[in-house]
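Student:
In the working numbering, the protein residues as written are 17 to 298.
1. Span of the alpha helix (DSSP H) holding residue 237?
2. Have a look at 284, 280, 268 and flag the residue whose alpha-carbon is nearest the alpha-carbon of residue 138.
3. With three or more beta-carbon pairs closer than 8 Å as the criterion, would you say the region 51-68 touches the region 135-155?
4. Just checking, does the region 269-287 make contact with the region 245-254 on the three C-beta pairs under 8 Å criterion?
5. Please report the Cβ distance between residue 90 and residue 168, rounded to the nearest whole angstrom; I am assuming they are in contact, meaning their Cβ atoms lie under 8 Å.
6. Within 10 Å of its beta-carbon, does residue 297 have 16 or more other beta-carbons around it, so buried, or fewer, so exposed?
7. Smallest Cα separation from residue 83: which of 49, 227, 53?
8. So, residue 123 versus residue 210, is the Cβ gap smaller than 9 Å?
9. Where does residue 260 land, buried or exposed, given buried means 16+ other C-beta within 10 angstroms?
10. Are residue 97 and residue 164 closer than 9 Å when you measure CB to CB?
11. Using the Cα positions of residue 287 and residue 238, report the straight-line distance between them to the nearest angstrom.
12. If contact is defined by three or more beta carbon pairs under 8 Å, each pair taking one atom from either stretch, is the region 228-243 in contact with the region 191-207?
13. Please classify residue 26 as buried or exposed, where buried requires at least 16 neighbouring CB atoms within 10 angstroms.
14. Alpha carbon to alpha carbon, what distance is there between residue 232 and residue 223?
15. Do residue 152 and residue 128 have their C-beta atoms closer together than 9 Å?
16. Look up residue 95 in the DSSP assignment and give the residues it is bridged to.
17. Work out the CA separation of residue 263 and residue 172 for me, nearest whole Å.
18. Measuring only between beta-carbons, confirm whether residue 281 sits less than 9 Å from chain C.
19. Taking C-alpha atoms, which residue in 142, 141, 24 lies nearest to residue 77?
20. What residues in its chain sit with their C-beta under 7 Å from that of residue 30, if we drop five residues either side in the sequence?
21. Going along the chain, which residues of its own chain have a beta-carbon closer than 6 Å to the beta-carbon of residue 28, five neighbours each way excluded?
22. Determine, using beta carbons only, whether residue 92 and residue 155 come nearer to each other than 9 Å.
23. Over the uninterrupted alpha helix (DSSP H) stretch that includes residue 198, give me the two end residues.
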């Protein structure tokens, strides 16, 4: 039977962290990576007798990478965000993976987002508030992506591909994106598999505002450009053409319709083409 360790990073702002620890710790080892300035979470390590590391380098990628250094004795690392609820059935699904002779490379599950419903979130952009639904059937993910808030990764693979790129994702107290997307693109280029398993189910609590969502949409365009230039230059050139056509069409035909998804597309595509010099993913 294979082994797994959970890695949760936190700056101590989530109301869901301690319930997550209580849910996991009785069944599996857990590494808590404290990314706060003042070791705010150290009392939890004593209270629950879990592995603990205080990582001073700010950012989700740096913190997850730090946690992985304590996970080298295990076969799998299960990275979770600190604002999740684990829905019944996750343990049985995990046990099936651990007893299977097959080696799973990278697995993610179904994520249901809870957020302020007064915020207009088109389905196309629901992933920006944590939603991830690729259907009700287990499947290999070839072009889409599993959600970064829950990533079960084979440990040897994780270190083989160089862990998470610290130029992507939240860092230095600022919002960032695409560390999980870059990781999945990287392993697929090396012919490893990304698998979606809807039996893993989570509730993701997003407490942001509409203005924060606008910021995320613009950043998405910025980070998409950096990712394409790094991973897929053909996709970069195709997107330039597609986005330019859309931006022209939007100004001529769509702007006055006030369709929210078109407005979001405009913000994202404009950032991709024209505002890349302000990118934080360098």
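Cβ atoms here follow ideal geometry from the backbone N, Cα and C, with glycine treated the same way.
Just so we're clear, the structure is a prediction, and the values are computed from it rather than from any experiment.
Tutor: Answer, in terms of the structure:
1. Sequence index remark: in the chain shown, residue 237 carries index 221 (1-based). Counting along the chain, the unbroken alpha helix (DSSP H) around residue 237 starts and ends at 226-247.
2. The residue labelled residue 138 in the question sits at position 122 within the chain shown. Comparing C-alpha distances from residue 138 to each of 284, 280, 268 shows the shortest one belongs to 280.
3. no
4. no
5. For this step, residue 90 is matched to residue 74 along the chain shown. For this step, residue 168 is matched to residue 152 along the chain shown. Contact doesn't hold; Cβ gap of about 11 Å is too wide.
6. Residue numbering aside, residue 297 sits at position 281 when the chain shown is read from its first letter. Residue placement at residue 297 cannot be trusted, given a pLDDT of 45 that sits under 50; the coordinates are not used to answer.
7. To locate residue 83, count along the chain shown from 1; it is residue 67. For the residues 49, 227, 53, the minimum Cα distance to residue 83 belongs to 49.
8. Locating residue 123 in the chain shown gives position 107, counting from the first residue. Locating residue 210 in the chain shown gives position 194, counting from the first residue. Taking 9 Å as the Cβ cut-off, residue 123 and residue 210 qualify as a contacting pair.
9. Along the chain shown, one-based indexing puts residue 260 at 244. By the 10 Å Cβ count, residue 260 comes out exposed.
10. Along the chain shown, one-based indexing puts residue 97 at 81. Along the chain shown, one-based indexing puts residue 164 at 148. In this structure, residue 164 lies closer than 9 Å to residue 97 by Cβ.
11. Translated into the one-based positions of the chain shown, residue 287 becomes position 271. Translated into the one-based positions of the chain shown, residue 238 becomes position 222. Looking at the two C-alpha atoms, the distance is approximately 6 Å.
12. Touching, yes, given that three or more Cβ pairs across the two stretches are closer than 8 Å.
13. As a first step, residue 26 is located in the chain shown; it is residue number 10 there, counting from the start. That one is buried.
14. The residue labelled residue 223 in the question sits at position 207 within the chain shown. The residue labelled residue 232 in the question sits at position 216 within the chain shown. Cα to Cα, the separation comes out at about 13 Å.
15. Numbered from its first residue, the chain shown carries residue 152 at position 136. Numbered from its first residue, the chain shown carries residue 128 at position 112. Contact: no.
16. Residue 95 sits at position 79 when you count from the first residue of the chain shown. Its beta-bridge partners are 23, 167.
17. Taking the chain shown and counting its residues from 1, one reaches residue 172 at position 156. Taking the chain shown and counting its residues from 1, one reaches residue 263 at position 247. C-alpha separation (whole angstroms): 44 Å.
18. The structure shown contains no chain C, having only a single protein chain.
19. Along the chain shown, read from residue 1 onward, the residue named residue 77 stands at position 61. Here the closest residue by C-alpha is 24.
20. If you number the chain shown from 1, residue 30 lands on position 14. Closer than 7 Å at the Cβ level, and outside the excluded window around residue 30, lie 98, 99.
21. Residue 28 sits at position 12 when you count from the first residue of the chain shown. Shown here for residue 28: same chain residues with a beta carbon closer than 6 Å to its own, the five before and five after excluded, namely 52, 56, 57 in chain order.
22. As a first step, residue 92 must be located in the chain shown, where it is residue number 76. As a first step, residue 155 must be located in the chain shown, where it is residue number 139. No, Cβ-Cβ distance for residue 92 and residue 155 is not below 9 Å.
23. On the chain shown, position 182 is the one that residue 198 refers to. 195-205 is the span of the alpha helix (DSSP H), which, as asked, contains residue 198.
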